[in-house]
Amino acid sequence: MIEELADAIRIAPDVRLGMRVHLHGFVNLYGCQIGDDSRVGTFVEIQKDAKVGARCKISSHSFICEGVTIEDEVFIGHGVMFVNDRFPRATNADGSLRSDADWTCQRTTVEKGASIGSGSTILGGLTIGRGAMVGAGSVVTRSVPAGMVVAGNPARPLAAMETISEQGNSNDA
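Sequential numbering of the sequence shown, starting at 2, is according to the working numbering.
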């Protein structure tokens, strides 16, 4: 699949791809790692020092910036944006351009089995807990506990996944 799209995919030499990784067209990968059996949709950028685990799905138009770790079996919806700088500025107080030395990367972890809905923004320095779910269009400003469902702007807890699973699987009629 990669040979067919050679002109539409940019993979830096320091990228580490696992076995059976499926890349769609117009993907940019720089200094990142992607685990076995993961799928990356069109128009996705994954920057240096980002890690994507095994059996993940990264949907189209998503941006995974430096400092993001996505563990195994995570779903990332369309157009999800990760942010790694809480106070972005182009210049310092004296008007000089900011450099890497003027910046601190805010690391984010998305734990195993979590799901992030389309159009969500995840601020830096957070953890999305194991099996948690972020509703579409949410702006996540705080860490999400394992198994919790959050949604909104800012994202707020709605329920525990076990409660939703029990309600969704009810056979009472």
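We put the CB at the ideal spot given by N, CA and C, even for glycine.
Between Arg157 and Phe76, what straight-line distance do the alpha-carbon atoms span, to the nearest angstrom? Cα to Cα, the separation comes out at about 20 Å.
Extent of the continuous beta strand (DSSP E) to which Asn93 belongs: DSSP places Asn93 in no beta strand (DSSP E); its state is neither H nor E.
Euclidean distance between Cα positions of Arg11 and Val53: Cα to Cα, the separation comes out at about 17 Å.
Tell me whether Ala161 sits in a helix, a strand or coil according to DSSP, three-state version. Ala161 falls in the strand class under three-state DSSP.
Which two residues bound the contiguous beta strand (DSSP E) that contains Met149? Counting along the chain, the beta strand (DSSP E) containing Met149 begins and ends at Met149 to Ala152.
Measuring only the C-alpha atoms, how far is Thr142 from Leu127? The straight-line gap from Cα to Cα measures roughly 8 Å.
Pick from Leu24, Phe44, Ile59 and Pro155 that is closest to Leu124, judged by C-alpha positions: Nearest Cα to Leu124 within the set Leu24, Phe44, Ile59 and Pro155: Pro155.
Terminal residues of the continuous beta strand (DSSP E) containing Arg87? Annotation for Arg87: no beta strand (DSSP E) segment contains it, and DSSP assigns it neither H nor E.
Which term fits Ser100, buried or exposed, when burial requires 16 or more other beta carbons within 10 angstroms of its beta carbon? Per the 10 Å Cβ criterion, exposed.
Who are the Cβ neighbours of Val41 in its own chain at under 6 Å, not counting the five residues just before and after it? Within the same chain, Val41 has close Cβ partners Leu24, Val28 and Ile59.
Exposed unless 16 or more other CB atoms sit within 10 angstroms - verdict on Met20: If you draw a 10 Å sphere on the C-beta of Met20, you find fewer than 16 other C-beta atoms in it, and that means exposed.
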